[in-house]
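Colleague: In this note's numbering, the protein residues as written are -19 to 435. Using N, Cα and C, we set each Cβ at its ideal position, and we do this for glycine too. If you're wondering where the values come from, they're calculated on a predicted model, not measured in any experiment. One structure coming up, written as structure tokens, with questions to follow.
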Amino acid sequence: MLPSSVIQNEYHEATKHSLISVQLDPNYVDASTQPTAFKTYPHFFRRFPLNADHPIHTFLALTSAITYQKQYRDGVHALRVQPSAGALYPTELYVQIRGVEGLLDGLYHIEPQHERLTLLYELIDDGLEGYLADQRLIQGFIFLVTCVYFRSSWKYKNRSLRYCFLDSGHQVGAIEAAAYVSHFPYQLQFDFDQLALNDDLGFDTQEFATAMVVVGEPKQTTRPKAVRRLRSPLPQVPGTDYFEPNRFIESAYQETFEGVGSREWGVGGADASLFYQSAFPFTSDQWREAILQRRSARRFYPNPISHEAFLTLCEAFQQPIPSDLAEDLEIYAVVHRVAGLEPGLYQYPFHDHSLCLKPGEFHSQTGYLCIHQAIARDCAVVFFITSACRNYRVALQQAGIVGHRIYLAATALNIGCSGIGAYYDDETQAFLGSDRPVLYAIAIGQTTAPKLVSA
Ligand SMILES: Cc1cc2nc3c(=O)[nH]c(=O)nc-3n(C[C@H](O)[C@H](O)[C@H](O)COP(=O)(O)O)c2cc1C
């Protein structure tokens, strides 16, 4: 039998872009057939508005808020704290709240379009802990990130598998950022009984759980008791107004239940039983402002960013990922325009000049590799993330988390940023000289024109 990492890599292999594949399938869709971007539970569930003056409510709102209304040809799109491939937002966010003053112990669905919580389920001795490896009762919050995959597969077909997981990673990154602003420690859980949880939450196969983020602490008792699973299942409520199944995505998701990675922390290598408080090189006020201001740059001016800003940004995204499952991410930087840094291909850690793998001017090449996108040509740096993918769902989400940190750090440094999910896979991998698949690209650069120097 093939190891599950090999099987999962086959899904990556099957969704590769090449010069020919993008010509054969340019992803044109009729915008009028777009499925709904928000899930709404029936009217009889109780709603609780999030109050902007209440610190806990603000923390919850920051995890998924709408921060901009953008006019497109087909109508207005509600853009959010997290980016999303094609602004299709396949993710949904739920939160279990226990032992928090002023809030009922329960499982809630977050409705960013109405800035409110929908109470789905009141807790007694049961809860989401029952689906985790460590079933001790958690005081605080357990966020559950899910994907309503058809919102993305509607346009991107099988390749949307990647975008569902990358977008989930960005959603996790948005929770991490909100926790940082509120000084809350947190921990990521990727290994839980997803099959049972999806079933108990009434997701059918249209929606699936991708990650949990625990922001709280295990209750300290002399004889800790396991929390049991939900005593009664939730009704099935669809996440879109209509649905077209995609068996490729459904079976790829199922494969990721197997072959979980090592049970260690990610980048930092710390103790998995501990909760972690991020140490981003920004104050919580700066991070809050970055969360609210973050947008994807739609063009760059080809003038350099400072070396100091580049190093600060690198420090921000290299913070540990406190997760039950570690994935070995490799991060490359193709430096085009960083003052005082020789252009070329670099690999983490970027402050060490000896790690310049290949000096040279590669802006035209990255523009081409990212399917002729000008942002990848005119930017200051394109980051590429690769991984051996012990678990495909986890690796892509961790790449999304790193991408989210790059977005926020760039915003805090007044630099533009855009995620890039479209690139020629094999040619990009060959350019990097890596034996691992390329999971994600992120461009950063200047979004204001260079100042004219008067003679
Ligand atoms: C996984 C992912 C892939 C993306 N790929 C591209 C891309 O290839 N080209 C691009 O211009 N923008 C890309 N974006 C940016 C989205 O278009 C953008 O996030 C979306 O339009 C919402 O806008 P906002 O980020 O300003 O809120 C990507 C974003 C994500 C999260």
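With DSSP as the reference, label Gly241 as helix, strand or coil.
Modeller: Here Gly241 scores only 49 on pLDDT, less than 50, and its place in the model should not be relied on; the value that follows carries that caveat. In the structure shown, Gly241 sits in coil (DSSP, three-state: anything other than H, G, I, E or B).
Colleague: Output the boundary residues of the beta strand (DSSP E) element that contains Cys127.
Modeller: 118 to 128
Colleague: Counting C-beta neighbours from all protein chains within 10 Å, is the total for Phe172 16 or more, i.e. buried, or is it exposed?
Modeller: buried
Colleague: Let me make sure I understand the geometry here. Which of His37, Arg53, Ile155, Ala58 has the alpha-carbon closest to that of Thr47?
Modeller: Ala58
Colleague: Straight-line CA distance for Tyr143 to Ala65?
Modeller: Answer to the nearest angstrom: the Cα atoms are 6 Å apart.
Colleague: Just checking my contact of Leu376 with Phe145 at CB under 8 Å: how many whole Å lie between their CB atoms?
Modeller: 3 Å
Colleague: Give a single yes or no on whether Leu272 has its beta carbon closer than 7 Å to a heavy atom of ligand 1.
Modeller: no
Colleague: Take Val361 and list the residues in its own chain whose beta-carbon comes closer than 6 Å to its own, dropping the five residues that flank it on each side.
Modeller: Correct list, in chain order: Ala313, Val315, Ile424.
Colleague: Decide if Gly120 is buried, meaning its Cβ has at least 16 other Cβ atoms within 10 Å, or exposed.
Modeller: That one is buried.
Colleague: Grab the span of the beta strand (DSSP E) containing Ala270 for me, first residue to last.
Modeller: Ala270 -> not in any beta strand (DSSP E); alpha helix (DSSP H) instead, spanning 264 to 273.
Colleague: With DSSP run on the structure shown, which of helix, strand or coil describes Tyr74?
Modeller: strand
Colleague: Taking the alpha helix (DSSP H) that Glu230 belongs to, which residues open and close that run?
Modeller: Per DSSP, Glu230 belongs to the alpha helix (DSSP H) from 227 to 235.
Colleague: Thinking C-alpha only, which one of Cys350, Thr98, Glu72 is nearest Val128?
Modeller: Glu72
Colleague: If you follow the beta strand (DSSP E) that Arg357 is part of, which residue opens it and which one closes it?
Modeller: First-last for Arg357: 354 to 358, but that is the alpha helix (DSSP H), not the beta strand (DSSP E).
Colleague: Measuring alpha carbon to alpha carbon, tell me which of Glu81, Asn138, Glu187 ends up nearest Leu124.
Modeller: The alpha carbon of Leu124 has as its nearest neighbour, out of Glu81, Asn138, Glu187, the alpha carbon of Glu187.
Colleague: Examine ligand 1 and report whether any of its heavy atoms sits within less than 7 Å of the Cβ of Gln151.
Modeller: no
Colleague: Drop a sphere of 10 angstroms on the beta-carbon of Leu100, count the other beta-carbons inside from all chains shown, and report buried for 16 or more, exposed for fewer.
Modeller: buried
Colleague: Name the DSSP beta bridge partners of Cys294, please?
Modeller: Its beta-bridge partners do not exist; DSSP assigns none.
Colleague: Thinking C-alpha only, which one of Tyr281, His94, Arg317, Tyr420 is nearest Lys431?
Modeller: Nearest option by C-alpha distance: Tyr281.
Colleague: Please report the residue range of the beta strand (DSSP E) in which Tyr327 lies.
Modeller: The amino acid at residue 327 is misidentified as Tyr; the sequence shows Gln. Per DSSP, Gln327 belongs to the beta strand (DSSP E) from 324 to 327.
Colleague: So, are the CB atoms of Thr126 and Arg373 less than 8 Å apart?
Modeller: Between Thr126 and Arg373, the gap from beta carbon to beta carbon reaches 8 Å or more.
Colleague: Do you know offhand how far Glu341's Cα is from Ser414's?
Modeller: 19 Å
Colleague: Can you tell me which of the three DSSP states His436 falls into?
Modeller: Absent from the model: residue 436. The displayed extent of the chain is -19 to 435, so no value can be given.
Colleague: Taking the alpha carbon of Gln51 as the point to measure from, which residue in Asp180, Tyr348, Ala67, Ala306 has its own alpha carbon closest?
Modeller: Ala67
Colleague: Given the structure, does Arg275 come close to ligand 1, in the sense that its CB is under 7 Å from one of the ligand's heavy atoms?
Modeller: yes
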